[in-house]
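Reviewing the structure listed below.
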Amino acid sequence: GRSHEKSAPYRAEAMLHRMQEWYAAGNKGVQPNIITYNSLMKVYAKSRRRDAPKRIEGLLREMGNANITPDRISYNQLINAYANSNGRIAPDRAESIVRHLQDRYEAGDEAMKPDFITYSAVIKAWVKSGLEGAADRAEALLRSMQDSYRKTGDIEMRPNGTCFTTVINGWVCSNSPDAAIRAGNLLEEVHELQRQGADNMLLKKQTYFDVLQLLANSTDVSAGQTSERILLYMYELTERGHSQMFPSTKYFNFTLRAWANCGHRLAAMRAESILNLMNDLKLQSGLRVPELKPNRISFNFVIKAWSKSGDIFAGKRSEQLVKRMQALAAEEGNDDLLPNDFTFGDVSRAWATSGHADAVEKARKYAAMSRELHERSQQETDQR
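Throughout the sequence shown, residue numbering follows our numbering, covering 16 to 399 in sequence.
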């Protein structure tokens, strides 16, 4: 249980002290060595205790007193302890340890060479801290790893998928206004590395979910394009044999929402093409994906995109989408596909901003339909 896990460092340290006592009593076969100390440090690092870094620093001093030279693994455990401690000073302290290791290595101490495990732990420390600018600091460390790998070809400095995922998560959790685009750019960078043959870069589907959701809430003009490229790459991965990466309706709806919100001049056209792709994929007999089919939300986002477009044909295109919804609802016997008050409200706005000759009359008609559905929904809610 958890109490057993919390006591693990103390039990491990008690064992070290017994070994020291036995060795002092003349039992030379139990002399603590670097493996002993590194193993104890690992227990502390994994404990997630706030005092773990302080305890490991004490063990490092103890090693020095016993003429045992700490190695990179020793310092990696200290960095891991800081990463897991959630202290506000943790990321700065972890980064200072990396600089210390780098200085020692450049001075000729090969045993102190930082590797991707070292950097990954510091990246994790920044992301977990939640501090302002944490995602920027984490990405800067990722770029340092890439620069080192490009200059030296040292495979130990090549970032893997876990490094990228951690930095992406940093942006997902960030309040920065450009967080969505930064996360999307990193994910697309991973795609390019995969195309170049990187074999350690397949990220989990949850990362795609998080990034697409972030882009769906963005108003950046490039959010729709970025989201669409990521969505289509998921389909590309599926065709390469990674069936678990097939995007369900929810992923398509994130991209439709990104187009609806981004304000790009081609947003409505692109959103409608994504809707059509959903329908095409659903009809492909070779794909057994019952979770992929357009729903009311899908259609509503496309209509919303048209309502923001100002296109002279926006009203007509929105009306056609309403007819598709109604036909699909009848075909499937599914009333959840029928237009709701939000649908008709956006159709009204599509007409109102279109500049079409019928704009005023049509806008009023759909606004009235929206109000009627809204009032009916409110009455049904009150009766429950």
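From the three backbone atoms N, C-alpha and C, an ideal C-beta is built for every residue, glycine too. Everything numeric in this text was worked out from a predicted model, so none of it was measured.
- prompt: Looking at M249 and Y266, is the spacing between their C-beta atoms short of 8 Å?
  reply: Numbered from 1 along the sequence shown, position 251 holds the residue referred to as residue 266. Numbered from 1 along the sequence shown, position 234 holds the residue referred to as residue 249. Closer than 8 Å, so yes.
- prompt: Where does H389 fall in DSSP's three states?
  reply: Taking the first residue of the sequence shown as position 1, residue 389 is located at position 374. Under the three-state reduction of DSSP output, H389 falls in the helix class.
query: Where do the ends of the alpha helix (DSSP H) carrying L55 lie?
result: Counted from its first residue, the sequence shown places residue 55 at position 40. Here the alpha helix (DSSP H) through L55 covers I49 to S62.
field: Contact check, A150 vs P106, beta carbons under 8 Å
entry: The residue labelled residue 150 in the question sits at position 135 within the sequence shown. The residue labelled residue 106 in the question sits at position 91 within the sequence shown. Cβ atoms of A150 and P106: not closer than 8 Å.
field: Start-to-end residues for the alpha helix (DSSP H) that takes in R108
entry: Mapped onto the sequence shown, residue 108 falls at position 93. Here the alpha helix (DSSP H) through R108 covers A105 to E121.
- request: Name the residue from Q92, D86, N99 and P309 whose alpha carbon lies nearest to the alpha carbon of E125.
  value: Numbered from 1 along the sequence shown, position 110 holds the residue referred to as residue 125. For E125, the nearest C-alpha among the options comes from D86.
task: Taking A282 as the reference, give the member of R255, D326 and L246 with the closest Cα.
output: Position 267 of the sequence shown, counted from the first residue, corresponds to residue 282. It is D326.
query: Pick from S191, K219 and I318: whose alpha carbon is nearest that of L202?
result: Indexing the sequence shown from 1 puts residue 202 at position 187. Closest option to L202, Cα to Cα, is K219.
Beta-carbon proximity list for Y377, same chain, < 7 Å, skipping 5 on both sides: By 1-based counting over the sequence shown, the position of residue 377 is 362. The displayed chain sequence assigns Lys, not Tyr, to residue 377. Excluding positions up to five away in sequence, the list reads G330 and W366.
message: Counting C-beta neighbours from all protein chains within 10 Å, is the total for A23 16 or more, i.e. buried, or is it exposed?
response: By 1-based counting over the sequence shown, the position of residue 23 is 8. With fewer than 16 other Cβ atoms within 10 Å, it is exposed.
field: Rounded straight-line distance, which links the Cα of K308 to that of I170
entry: Sequence index remark: in the sequence shown, residue 170 carries index 155 (1-based). Sequence index remark: in the sequence shown, residue 308 carries index 293 (1-based). Between the C-alpha atoms of I170 and K308 there is a straight-line separation of about 43 Å.
Straight-line Cα distance separating A155 from A195: As a position in the sequence shown, residue 195 is number 180, starting the count at 1. As a position in the sequence shown, residue 155 is number 140, starting the count at 1. Distance between the alpha carbons of A195 and A155 is about 17 Å.
Nearest-angstrom Cα separation, counted from Q35 out to V113: As a first step, residue 113 must be located in the sequence shown, where it is residue number 98. As a first step, residue 35 must be located in the sequence shown, where it is residue number 20. Spanning the two alpha carbons is a distance of roughly 30 Å.
- request: In angstroms with no decimal places, state the Cα-to-Cα distance between N232 and R272.
  value: Here residue 232 corresponds to residue number 217 of the sequence shown, with the count starting at 1. Here residue 272 corresponds to residue number 257 of the sequence shown, with the count starting at 1. Spanning the two alpha carbons is a distance of roughly 8 Å.
message: Please list the terminal residues of the continuous alpha helix (DSSP H) segment that includes E224.
response: The residue given as residue 224 occupies position 209 in the sequence shown. Correcting the residue type first, residue 224 is Phe in the shown sequence and not Glu. Where F224 is concerned, the enclosing alpha helix (DSSP H) starts and stops at K220 to A231.
- prompt: In or out: D361 buried (at least 16 other Cβ within 10 Å) or exposed?
  reply: The residue given as residue 361 occupies position 346 in the sequence shown. Buried is the label assigned to D361, since at least 16 other Cβ atoms lie within 10 Å of its Cβ.
Reference S89, options G102, H115 and R103, closest by Cα: Taking the sequence shown and counting its residues from 1, the one referred to as residue 89 is at position 74. Of G102, H115 and R103, the residue nearest in Cα terms is H115.
message: Buried or exposed, going by whether 16 or more other CB atoms sit within 10 Å of the CB of T234?
response: For the purposes of this step, residue 234 is taken as the residue at position 219 of the sequence shown. Around the C-beta of T234, fewer than 16 other C-beta atoms lie within 10 Å, and the residue is accordingly described as exposed.
message: For F359 and S324, which I take to be in contact (beta-carbon distance under 8 Å), what is that distance rounded to the nearest angstrom?
response: Numbered from its first residue, the sequence shown carries residue 359 at position 344. Numbered from its first residue, the sequence shown carries residue 324 at position 309. That belief does not hold up - the Cβ atoms of F359 and S324 are roughly 17 Å apart, past 8 Å.
task: Answer with buried or exposed for D350, where buried requires no fewer than 16 other C-beta atoms within 10 angstroms of its C-beta.
output: By 1-based counting over the sequence shown, the position of residue 350 is 335. The residue in question, D350, is exposed, as its Cβ has fewer than 16 Cβ neighbours within 10 Å.
C-alpha distance - D130 paired with M172, whole-angstrom precision: Within the sequence shown, numbered from 1, the residue matching residue 130 stands at position 115. Within the sequence shown, numbered from 1, the residue matching residue 172 stands at position 157. When rounded, the distance between both Cα atoms is 5 Å.
query: Under a Cβ-count criterion, where at least 16 other Cβ atoms within 10 Å of its own Cβ denotes burial, should S256 be classed as buried or exposed?
result: Translated into the one-based positions of the sequence shown, residue 256 becomes position 241. In the sequence as presented, Ser is not what sits at residue 256; that position holds Gly. By the neighbour-count criterion, in which a residue is buried when 16 or more other Cβ atoms sit within 10 angstroms of its Cβ, G256 is exposed.
- prompt: Looking at the unbroken alpha helix (DSSP H) that takes in R272, where does it start and where does it end?
  reply: Against the sequence shown, residue 272 aligns to sequence position 257. R272 -> alpha helix (DSSP H) spans T264 to C277.
- prompt: With C-beta atoms as the reference, is N215 less than 8 Å away from G185?
  reply: The residue you call residue 215 lines up with position 200 of the sequence shown. The residue you call residue 185 lines up with position 170 of the sequence shown. Taking 8 Å as the Cβ cut-off, N215 and G185 do not qualify as a contacting pair.
- prompt: Is the CB-CB distance between V236 and A198 below 8 Å?
  reply: By one-based count along the sequence shown, residue 236 stands at place 221. By one-based count along the sequence shown, residue 198 stands at place 183. Cβ atoms of V236 and A198: not closer than 8 Å.
task: Grab the span of the alpha helix (DSSP H) containing L146 for me, first residue to last.
output: Sequence index remark: in the sequence shown, residue 146 carries index 131 (1-based). Note, L146: premise wrong, no alpha helix (DSSP H); not H, not E.
field: Nearest to A60 (by Cα), restricted to the options G79, A96 and T51
entry: The sequence position of residue 60 within the sequence shown is 45, counting from 1. Relative to A60, the option among G79, A96 and T51 whose CA is nearest is A96.
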